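Chemist:
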Amino acid sequence: MRILSIDFGRKRTGLAVTDPLQIIAGGLATVATSSLFDYLKDYISKEEVEKIVIGEPRKPNGEPSENYERVRQFVNRWKKAVPAVPIEYYDERFTSVLAHRAMIDGGLKKQARRNKSLVDEISATIILQDYMESHRRI
């Protein structure tokens with residue numbers, strides 16, 4: 060079963076997913092946040108998803124960021140509507156910075172690095188990769 064991650068944004072949301080063996084995290088899509096709920100329900104109807112990991116938006120000092128309340132509302136809605144697929148928070152601080160760094164290190168031109176959808180998808184992938192590494196079975 061897969062693990063899916065969400066980099067929740069006010070307008071756009073980046074998504075990433077593991078392979079069925081949960082070895083590799085890869086970008087899935089960037090969707091309009093307004094259609095995220097329906098997109099996820101459709102996706103889990105086609106793919107087996109063990110859990111969802113959602114970036115917990117916090118300021119560098121650890122306090123909730125302005126997006127925290129929107130994320131919390133989405134999580135509560137998901138838990139009520141789809142309790143069979145648990146959703147949990149994971150610290151997302153600095154993922155956008157890391158996504159930009161990955162794009163630079165990957166040789167993407169400045170124009171490509173301005174693609175906010177790509178940044179969101181890479182951020183979701185970083186959240187998922189970090190989550191997997193922190194839960195790696197020894």
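Under the numbering used here, the residue at position 67 of the sequence shown is numbered 126, and the numbers go up by one with no gaps. The beta-carbon is built from N, C-alpha and C at its ideal position, and this holds for glycine as well. The structure presented is a predicted model; accordingly, all values stated were derived computationally and were not measured.
Leaving aside the five residues before and after valine 134 along the sequence, list all residues of the same chain whose C-beta is less than 8 Å from its C-beta, in chain order.
Modeler: As a first step, residue 134 must be located in the sequence shown, where it is residue number 75. Here the set comprises Ile113, Ile146, Tyr148.
Chemist: Helix, strand or coil for lysine 70? Go by DSSP, reduced to three states.
Modeler: Here residue 70 refers to the residue found at position 11 when the sequence shown is read from its first residue. Reduced to three states, the DSSP call for lysine 70 is coil.
Chemist: Under the three-state reduction of DSSP, which class applies to isoleucine 186: helix, strand or coil?
Modeler: Numbered from 1 along the sequence shown, position 127 holds the residue referred to as residue 186. Of the three classes helix, strand and coil, the one that applies to isoleucine 186 here is helix, per DSSP.
Chemist: Do you know offhand how far leucine 74's Cα is from glutamate 122's?
Modeler: Sequence index remark: in the sequence shown, residue 74 carries index 15 (1-based). Sequence index remark: in the sequence shown, residue 122 carries index 63 (1-based). So the alpha carbons of these two residues sit roughly 24 Å apart.
Chemist: So aspartate 179 and threonine 77 are supposed to be a Cβ contact under 8 Å. How far apart are they, rounded?
Modeler: Counting from one through the sequence shown, the residue named residue 179 turns up at place 120. Counting from one through the sequence shown, the residue named residue 77 turns up at place 18. Contact flag wrong, Cβ pair sits at about 18 Å.
Chemist: Could you spell out where the alpha helix (DSSP H) holding glutamate 115 opens and where it closes?
Modeler: By one-based count along the sequence shown, residue 115 stands at place 56. Taken as a continuous stretch (DSSP letters only), glutamate 115 belongs to no alpha helix (DSSP H), being part of the beta strand (DSSP E) at 108-115.
Chemist: In the DSSP assignment, find the unbroken alpha helix (DSSP H) run with leucine 95 in it and report its ends.
Modeler: The residue you call residue 95 lines up with position 36 of the sequence shown. It spans 95-105 - the alpha helix (DSSP H) in which leucine 95 sits, taken as one unbroken run.
Chemist: Under the three-state reduction of DSSP, which class applies to serine 64: helix, strand or coil?
Modeler: By one-based count along the sequence shown, residue 64 stands at place 5. Reduced to three states, the DSSP call for serine 64 is strand.
Chemist: Can you tell me which of Ile83, Ala91, Leu63, Gly85 puts its alpha carbon nearest to the alpha carbon of arginine 69?
Modeler: In the sequence shown, the residue the question calls residue 69 occupies position 10. Arginine 69 has its Cα closest to that of Ala91, out of Ile83, Ala91, Leu63, Gly85.
Chemist: Please report how far the alpha carbon of arginine 195 lies from the alpha carbon of alanine 183, in whole angstroms.
Modeler: Mapped onto the sequence shown, residue 195 falls at position 136. Mapped onto the sequence shown, residue 183 falls at position 124. Approximately 18 Å between the Cα atoms of the pair.
Chemist: Which residue's Cα is closest to the Cα of leucine 187: Glu115, Asp101, Tyr102, Glu107?
Modeler: By one-based count along the sequence shown, residue 187 stands at place 128. Closest by alpha carbon: Glu115.
Chemist: With a threshold of 16 other CB atoms inside 10 Å of the CB of alanine 84, please say whether the residue is buried or exposed.
Modeler: Locating residue 84 in the sequence shown gives position 25, where the first residue counts as 1. Counting Cβ neighbours within 10 Å, alanine 84 comes out buried, since at least 16 surround it.
Chemist: Under a Cβ-count criterion, where at least 16 other Cβ atoms within 10 Å of its own Cβ denotes burial, should serine 94 be classed as buried or exposed?
Modeler: Your numbering for residue 94 matches position 35 in the sequence shown. Exposed.
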